[in-house]
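Q: Quick one: structure below, then a few questions.
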Amino acid sequence: MSENAEDKAGSIPAQSDGAEAGPAGETSGTATLTKDAAPGEILLKVTGLQKHFPIKKGLFQRQVGAVRAVDGIDFEVRSGETLGVVGESGCGKSTMGRLITRLLEPTAGAIEFEGKDITHLGVSGMRPMRRDVQMIFQDPYSSLNPRHTIGTIVGAPFRLQGVEPEGGVKKEVQRLLSVVGLNPEHYNRYPHEFSGGQRQRIGIARALALKPKLVVADEPVSALDVSIQAQVVNLMDDLQEELGLTYVIIAHDLSVVRHVSDRIAVMYLGKIVELADRESLYKAPMHPYTKALMSAVPIPDPARKNAKSERILLKGDVPSPISPPSGCRFHTRCWKATEICRTTEPALLELRPGQRVACHHPENFEDQAPQDTVLLTAAKEAAELVADEVLAESAETSAAVAAELAEEAAAEEPASEEPASEETASEEVAASEETPSEEAASAETAEASAPESGSQESTDK
Amino acid sequence: MLAYLIRRLFAAAVMLVVIILVVFSIFFLVPKWAGVDIATSFVGKQADPHAVEAVREKLGLGDPIYVQVWHFFKGIFVGRTYAAGGDVTHCAAPCFGYSFRSEQAVWPVLTDRFPVTLGLALGAAVLWLIFGVAAGVLSALKRGSLWDRGAMVVALSGVSLPIYFTGLLSLAIFSYGLHWIDGKYVSVGDSFGGWFSGMLLPWITLAFLYAAMYARITRATMLEILGEDYIRTARAKGLTEPVVIGKHAMRSTMTPILTMLGMDLGALIGGAILTETTFSIPGLGQAVLTAIKNQDLPIILGVTLITSLAVLIANLAVDVLYAVIDPRVRLA
Amino acid sequence: MTELSKTGAAVGEPTSSSPAPSSFLEVRDLKVHFPTDDGLVKSVDGLSFQLEKGKTLGIVGESGSGKSVTSLGIMGLHTAGQYGKRKAQISGEIWLNGTELLSADPDHVRKLRGREMAMIFQDPLSALHPYYTIGAQIVEAYRIHHDVDKKTAKRRAVEMLDRVGIPQPDKRVDSYPHEFSGGMRQRAMIAMSLVNNPELLIADEPTTALDVTVQAQILDLIRDLQKEFGSAVIIITHDLGVVAELADDILVMYGGRCVERGPAEKVFYEPRHPYTWGLLGSMPRLDRDQQERLIPVKGSPPSLINIPSGCAFNPRCPYADVPKDNLTRTVRPELTGVGDKHWAACHMSQEQRERIWTEEIAPKL
Chain P
1 MSENAEDKAG SIPAQSDGAE AGPAGETSGT ATLTKDAAPG EILLKVTGLQ
51 KHFPIKKGLF QRQVGAVRAV DGIDFEVRSG ETLGVVGESG CGKSTMGRLI
101 TRLLEPTAGA IEFEGKDITH LGVSGMRPMR RDVQMIFQDP YSSLNPRHTI
151 GTIVGAPFRL QGVEPEGGVK KEVQRLLSVV GLNPEHYNRY PHEFSGGQRQ
201 RIGIARALAL KPKLVVADEP VSALDVSIQA QVVNLMDDLQ EELGLTYVII
251 AHDLSVVRHV SDRIAVMYLG KIVELADRES LYKAPMHPYT KALMSAVPIP
301 DPARKNAKSE RILLKGDVPS PISPPSGCRF HTRCWKATEI CRTTEPALLE
351 LRPGQRVACH HPENFEDQAP QDTVLLTAAK EAAELVADEV LAESAETSAA
401 VAAELAEEAA AEEPASEEPA SEETASEEVA ASEETPSEEA ASAETAEASA
451 PESGSQESTD K
Chain X
1 MLAYLIRRLF AAAVMLVVII LVVFSIFFLV PKWAGVDIAT SFVGKQADPH
51 AVEAVREKLG LGDPIYVQVW HFFKGIFVGR TYAAGGDVTH CAAPCFGYSF
101 RSEQAVWPVL TDRFPVTLGL ALGAAVLWLI FGVAAGVLSA LKRGSLWDRG
151 AMVVALSGVS LPIYFTGLLS LAIFSYGLHW IDGKYVSVGD SFGGWFSGML
201 LPWITLAFLY AAMYARITRA TMLEILGEDY IRTARAKGLT EPVVIGKHAM
251 RSTMTPILTM LGMDLGALIG GAILTETTFS IPGLGQAVLT AIKNQDLPII
301 LGVTLITSLA VLIANLAVDV LYAVIDPRVR LA
Chain Y
1 MTELSKTGAA VGEPTSSSPA PSSFLEVRDL KVHFPTDDGL VKSVDGLSFQ
51 LEKGKTLGIV GESGSGKSVT SLGIMGLHTA GQYGKRKAQI SGEIWLNGTE
101 LLSADPDHVR KLRGREMAMI FQDPLSALHP YYTIGAQIVE AYRIHHDVDK
151 KTAKRRAVEM LDRVGIPQPD KRVDSYPHEF SGGMRQRAMI AMSLVNNPEL
201 LIADEPTTAL DVTVQAQILD LIRDLQKEFG SAVIIITHDL GVVAELADDI
251 LVMYGGRCVE RGPAEKVFYE PRHPYTWGLL GSMPRLDRDQ QERLIPVKGS
301 PPSLINIPSG CAFNPRCPYA DVPKDNLTRT VRPELTGVGD KHWAACHMSQ
351 EQRERIWTEE IAPKL
């Protein structure tokens, strides 16, 4: 319980700046966060969002614990962009999708849509919002009622919202069907007469009926065949361009997510561990989990067969979200974990413009806790699964980044541009703000740690 | 596993108390609301008012409901004493009161008749399990064959024909017509052989109805299980077909069958009324039928409680068997 | 790992006139058809390939392309335990180690199952019996083929669990499948399939139900085990990334037939069938710079009851009109050699395909 309170305290301050700023975010706080990203107002803003599913046991259904499916996450979605959310099963990404569409009631935190707090709106309060926020589901087989015709399914939103489109429901539905690439004459057919890809198009047509602003798609293509996946991905692309849609796309397939997203959030055990724009994330991931996740994707290139060296194998399985590990949740499987990772939960900090990471020892960046160099035993075991080249390379880049930062800081002395908005007393933040002033020292330690990790590999062998 | 058992036992005990409460209230409140005076009905219509008052006092019918409930409870667990003036009757535990008609204690009536019904139900259950499950499995394995269709037609007729029809028919053929079996009921104490041959027709008649239902459910479940991935895995291991069916598929098929068995056995113990009447078997069903005709509330109450107890015990046994069969249940 | 007592070699006499092949596994003109109310479903319709020991064949295709049906056909699982009146119609030849399986005595094939050829399934949760412990299921698989007591078999099970990387194998051997995580279950499944040192291992979408980090572990494990045991492996998947990781040869299936077959490098770098191009173009890739757009294959996979006449791919093929005389819609193309051990079934001439690939397709990938 105390842990819970702690991470709440750790995550909310990082976002607290814009929370009271009211409608549609021209606020200074958010502006610093968006300075180099695509323009667009903040459409959806999520602060400290939590969803705990209680576990009840025994005769009296006493609550004995909770599945912390989503455990304090902050992010925002700007209009017109696509936010991709990746993670493995059990990381809470689907729950997150259901929370922001308010299909689930959050345990804590706040969800703002166009500046309006929708966290606890009831069914009737949500009704007008439902026009603006739509969802596309994974399974095109179970998400369409088999007894209804396509016309009824796609036209349902009009009836539910009491909207009479221009030219009548039928005409509008037929227009929607042709928009998603289906034959409008199939208006009276039933779902079983369509293939998986076509059903997913029907699902998309239904979601688009009321011209929503935000579409949340939960694994929209993972049930489809490869050749069909591409059709649906392209369709969603086109629709975004034509209709100016904003997407939150939840998927486990990193290649698909990279293809569709502008920014990407990586989730692990109910937390966002890294949130960055696409290029930064894929070129220089900072969180070790992100790096491992990407390296695990099989590359369709036989020349890389047996190229084991590039792959970071993670040890074991994702721990249970009922009792997540203390500190950084990834520390049980991370090859860089030190004592601080076990004890202190890292805050999600914007280490580089447009790239937020929650890690004490990020990749491709200067170490956030350089004083802590002794690896945990678990980390040593995990490191055995990581190729030496990878370890050496990451140590090198971290050192280089540290040196670069040191130079920059020396050049322009008041080093305040980084976490200007985060004036919190949180320990980690303090640590990160200290670094510019003692650049030389930190650069040294980072460099010192490079050969050290090298020597550790040799002992591992 | 032990914790699971204790939990189930505790739940069953609570359930039993609730049942006693509910049943008692229904049986003693409903006549009141319906304007029927129990004391009068006990004594008889042309009774003299003093006798009625005496009965009322002796049975405690004038007491408030909670006192009556308390006495009833006490009677079941420690016995009770009925007293009206100098007229004192002690009723030892478990006391379910006295029959309004015969003025006999209810409990001995129950203990007399319970084994008869139990014998009927268990014997029939053995039969229907053997034949029903076997027929179901065979039908599933020979789906679409003549055997399958034939068996399912027989099963359908078994489900839809009433007991008194099949019972009378079998009596007419085997007993009166062919004289193979003497259809008379003989108590086990008198002659086991006589009891056995007397029970054969009732068993078969009852088992026919249930075997039909069990064959249908076994067939459906077996067909579903045969499509499971783990059956394919069992074959991929190189197991022989008898092992695949008899071990891997059967164990999963047993789950729904057990559930049904628990409910059916429990219900039968209180309610093989039709079979018992058709074959003149002096079991609980027959007793309750007579009691209903005579508005003999204490007997009805006693049989109802015994039946509930039987259902509870049967379900408890099913729960335990469940846990033995399916390791996932042990967690719950 | 000490079992050398294989007896399965060359027991069944070939009944067919064609001579026994020299390959370890050879499938010739395999057809698997299922009669249904709507018509005959031609799931596999004339498939041939060979596989040597120590090599890995990747069979790639979309759902309904016949890849899983092929694997079950090799295992003899279309005939074993099929009780309904509508039995699968299987023809062709399947030679495993000199024995033709389709004409062999079913009980002989059963004895080969699990011993000479074993299979890993897609979803380890549903493929393991929920009511038996992991150990009991492995012990059963071992004892059906080895005359040993339970104790020895259990020791063997623990040894296998240890080999596939399950921690505390002596304890976990008594766990039930639901007590394992998805990755652990698939490891246990692999342990079970390898307990008899099979010479042929068929993995049907072994990682599709798993998370990507666990998938990496399992692929690694399969690769290591193959090196260690030297078995022949068939890996069936829709994921080109997975085959690229493991396979020496690749067979691309479409509509129950092979449309392209060859060494992995050839199929990836010089594909000679428009469907293979389509698969490659549909797939977003992490190892390349961001593609502007994916190049999907239009339309949907064919119905296996009414497979399009001519080339099964013709309704979806952008180049269907390139060959003359409406050939693609009337004549079924046969597999023809397009390079060293590389075949494709397409009516376009080699030169046409080479030109289209190098000029139109490859630059966009």
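Protein chains in written order, with UniProt numbering: chain P, 1 to 461; chain X, 1 to 332; chain Y, 1 to 365. All C-beta atoms, glycine included, are put in the ideal place defined by N, C-alpha and C. Everything numeric in this text was worked out from a predicted model, so none of it was measured.
#1: According to DSSP, simplified to helix, strand and coil, what is residue 118 (chain Y)?
#2: Indicate whether the contact test is met: 3 or more Cβ pairs, each with one atom in the stretch 65-85 of chain P and one in the stretch 256-270 of chain P, closer than 8 angstroms.
#3: Strictly under 9 angstroms for the Cβ-Cβ distance: is residue 3 (chain X) near chain Y by that measure?
#4: Rank P:140, P:167 and P:179 by C-alpha distance to the C-alpha of residue 223 (chain P) and give the top, closest one.
#5: Rounded to whole angstroms, what is the Cα-Cα separation between residue 130 (chain Y) and residue 20 (chain X)?
#6: Closer than 9 angstroms by beta-carbon distance: list the chain Y residues that pair up with residue 229 (chain P), in chain order.
#7: Could you have a look at residue 123 (chain Y) and say whether DSSP puts it in helix, strand or coil?
#8: To the nearest angstrom, how far is the alpha carbon of residue 310 (chain X) from that of residue 227 (chain X)?
#9: Taking its Cβ as the centre, do 16 or more other Cβ atoms sit within 10 Å of residue 368 (chain P), making it buried, or is it exposed?
#10: How far does the beta strand (DSSP E) with residue 281 (chain P) in it reach, from first residue to last?
#11: What first and last residue would you give for the alpha helix (DSSP H) that runs through residue 178 (chain P)?
#12: Should the stretch 345-352 of chain P be regarded as contacting the stretch 308-322 of chain P, the criterion being three or more beta carbon pairs within less than 8 angstroms?
#13: Mind listing which residues of the stretch 203-226 of chain Y have their C-beta closer than 8 angstroms to chain P's C-betas, in chain order?
#14: Would you please state the rounded distance, in angstroms, between the beta carbons of residue 238 (chain X) and residue 110 (chain Y)? I believe it to be under 8 angstroms.
#15: Is there a Cβ of chain P sitting closer than 9 angstroms to that of residue 345 (chain Y), yes or no?
#16: Using a C-beta to C-beta distance shorter than 7 angstroms, which residues of chain Y count as neighbours of residue 297 (chain P)?
#17: Compare the C-alpha of residue 330 (chain Y) against each of Y:25, Y:321, Y:336 and Y:259 and name the closest.
#18: Strictly by DSSP, which residues pair up with residue 247 (chain P)?
#19: Considering only the beta carbon of each residue, do residue 289 (chain P) and residue 266 (chain P) sit closer than 9 angstroms?
#20: Taking only beta-carbon atoms, is residue 245 (chain Y) less than 9 angstroms away from chain P?
#21: Could you tell me if residue 252 (chain Y) is buried or exposed, where buried requires 16 or more neighbouring beta carbons within 10 angstroms of its beta carbon?
#22: Within a Cβ cutoff of 6 angstroms, which residues of the same chain sit near residue 131 (chain X), ignoring the five residues on either side of it in sequence?
#23: I think residue 205 (chain X) touches residue 167 (chain X), with their Cβ atoms under 8 angstroms apart; what is that distance to the nearest whole Å?
#24: Is residue 258 (chain Y) helix, strand or coil when you go by DSSP?
#25: Between residue 358 (chain Y) and the rest of its own chain, which residues show a CB-CB distance below 8 angstroms, the 5 nearest in sequence each way excluded?
#26: Listing by chain order, which chain Y residues have their CB less than 7 angstroms from the CB of residue 322 (chain X)?
#27: Under 9 angstroms, do residue 125 (chain Y) and residue 185 (chain Y) count as touching if we go by C-beta distance?
#28: What are the residues that DSSP puts in a beta bridge with residue 143 (chain Y)?
#29: Between residue 226 (chain P) and chain Y, is the shortest Cβ-Cβ distance under 9 angstroms, so that the two count as touching?
#30: Which residues mark the beginning and the end of the alpha helix (DSSP H) in which residue 363 (chain Y) is found?
#31: Taking C-beta pairs closer than 8 angstroms, name the residues in chain P that residue 184 (chain Y) reaches, listed in chain order.
#32: Buried or exposed: where does residue 200 (chain X) fall if 16 or more other Cβ atoms within 10 Å of its Cβ makes it buried?
#33: From residue 203 (chain Y) to residue 88 (chain Y), what distance separates their C-alpha atoms?
#34: Which of the three DSSP states is assigned to residue 465 (chain P) in this structure?
#35: What does a CB cutoff of less than 7 angstroms around residue 323 (chain Y) pick up in its chain, not counting 5 residues either side in sequence?
#36: For residue 57 (chain X), does the three-state DSSP call read helix, strand or coil?
A: With the structure as the only source:
#1: As a position in the third sequence, residue 118 (chain Y) is number 118, starting the count at 1. Of the three classes helix, strand and coil, the one that applies to residue 118 (chain Y) here is strand, per DSSP.
#2: Yes: at least three Cβ pairs fall under 8 angstroms.
#3: Looking up residue 3 (chain X) in the second sequence gives position 3. So, not an interface residue.
#4: As a position in the first sequence, residue 223 (chain P) is number 223, starting the count at 1. Selected option, being the one with the closest Cα: P:140.
#5: Taking the third sequence and counting its residues from 1, one reaches residue 130 (chain Y) at position 130. Taking the second sequence and counting its residues from 1, one reaches residue 20 (chain X) at position 20. So the two alpha carbons sit approximately 39 angstroms from each other.
#6: The sequence position of residue 229 (chain P) within the first sequence is 229, counting from 1. By Cβ distance, chain Y contributes 282, 283, 284, 294 and 296.
#7: Locating residue 123 (chain Y) in the third sequence gives position 123, where the first residue counts as 1. Of the three classes helix, strand and coil, the one that applies to residue 123 (chain Y) here is coil, per DSSP.
#8: As a first step, residue 310 (chain X) is located in the second sequence; it is residue number 310 there, counting from the start. As a first step, residue 227 (chain X) is located in the second sequence; it is residue number 227 there, counting from the start. Near 36 angstroms, if we compare the C-alpha coordinates of residue 227 (chain X) and residue 310 (chain X).
#9: The count along the first sequence starts at 1 and reaches residue 368 (chain P) at position 368. That one is buried.
#10: Taking the first residue of the first sequence as 1, we reach residue 281 (chain P) at position 281. Unbroken run through residue 281 (chain P) is the alpha helix (DSSP H), 278-283; no beta strand (DSSP E).
#11: Locating residue 178 (chain P) in the first sequence gives position 178, where the first residue counts as 1. Here the alpha helix (DSSP H) through residue 178 (chain P) covers 169-179.
#12: Between the stretch 345-352 of chain P and the stretch 308-322 of chain P there are fewer than three inter-stretch CB-CB distances shorter than 8 angstroms, so the stretches are not counted as touching.
#13: Here the close residues are 211, 212, 213, 214, 215, 216, 217, 219, 220 and 223.
#14: Residue 238 (chain X) sits at position 238 when you count from the first residue of the second sequence. Residue 110 (chain Y) sits at position 110 when you count from the first residue of the third sequence. With 8 angstroms as the limit, residue 238 (chain X) and residue 110 (chain Y) qualify as a contact, their Cβ atoms being about 5 angstroms apart.
#15: Along the third sequence, one-based indexing puts residue 345 (chain Y) at 345. So, not an interface residue.
#16: Position 297 of the first sequence, counting from 1, holds the residue named residue 297 (chain P). Going along chain Y in sequence order, the residues near residue 297 (chain P) (Cβ under 7 angstroms) are 212, 241 and 286.
#17: In the third sequence, counting from the first residue as 1, residue 330 (chain Y) sits at position 330. The shortest C-alpha separation from residue 330 (chain Y) is found at Y:321.
#18: To locate residue 247 (chain P), count along the first sequence from 1; it is residue 247. BP columns for residue 247 (chain P) point to P:82 and P:215.
#19: If you number the first sequence from 1, residue 289 (chain P) lands on position 289. If you number the first sequence from 1, residue 266 (chain P) lands on position 266. It is a contact, given that the beta carbons lie within the stated cut-off.
#20: The residue given as residue 245 (chain Y) occupies position 245 in the third sequence. For residue 245 (chain Y), the answer is yes, since a Cβ of chain P falls inside 9 angstroms of its Cβ.
#21: By 1-based counting over the third sequence, the position of residue 252 (chain Y) is 252. Buried is the call here.
#22: The residue labelled residue 131 (chain X) in the question sits at position 131 within the second sequence. Exclusion of the five residues before and after residue 131 (chain X) leaves 211 as the residues of its chain whose Cβ lies within less than 6 angstroms of its Cβ.
#23: For the purposes of this step, residue 205 (chain X) is taken as residue 205 along the second sequence, with counting starting at 1. For the purposes of this step, residue 167 (chain X) is taken as residue 167 along the second sequence, with counting starting at 1. At roughly 4 angstroms, the Cβ-Cβ gap stays under 8 angstroms, so residue 205 (chain X) and residue 167 (chain X) are in contact.
#24: Within the third sequence, residue 258 (chain Y) is the residue found at index 258, counting from 1. Looking at residue 258 (chain Y) - three-state DSSP - the assignment turns out to be strand.
#25: As a working note, residue 358 (chain Y) is residue 358 in the third sequence. Cβ within range, chain order: n/a, list empty.
#26: Numbered from its first residue, the second sequence carries residue 322 (chain X) at position 322. Ordered by position in chain Y, no residue passes the 7 angstroms Cβ test against residue 322 (chain X), which lies about 11 angstroms from the chain.
#27: On the third sequence, residue 125 (chain Y) is found 125 positions in, with the first residue counted as 1. On the third sequence, residue 185 (chain Y) is found 185 positions in, with the first residue counted as 1. At the C-beta level, residue 125 (chain Y) and residue 185 (chain Y) come within 9 angstroms of one another.
#28: In the third sequence, the residue the question calls residue 143 (chain Y) occupies position 143. Paired residue(s): none; residue 143 (chain Y) is not in a bridge.
#29: Here residue 226 (chain P) is taken as the residue at index 226 of the first sequence, counted from 1. At a cut-off of 9 angstroms, the C-beta of residue 226 (chain P) has a neighbouring C-beta in chain Y.
#30: Residue 363 (chain Y) sits at position 363 when you count from the first residue of the third sequence. First-last for residue 363 (chain Y): undefined, no H or E at that position.
#31: Against the third sequence, residue 184 (chain Y) aligns to sequence position 184. The contacting residues are 317.
#32: For the purposes of this step, residue 200 (chain X) is taken as residue 200 along the second sequence, with counting starting at 1. Under this definition residue 200 (chain X) is a buried residue.
#33: Locating residue 203 (chain Y) in the third sequence gives position 203, where the first residue counts as 1. Locating residue 88 (chain Y) in the third sequence gives position 88, where the first residue counts as 1. Counting only the Cα atoms, residue 88 (chain Y) lies some 22 angstroms from residue 203 (chain Y).
#34: There is no way to answer for residue 465 (chain P), as the model of chain P reaches only from 1 to 461.
#35: Position 323 of the third sequence holds residue 323 (chain Y). Here the set comprises 347 and 348.
#36: Looking up residue 57 (chain X) in the second sequence gives position 57. Looking at residue 57 (chain X) - three-state DSSP - the assignment turns out to be helix.
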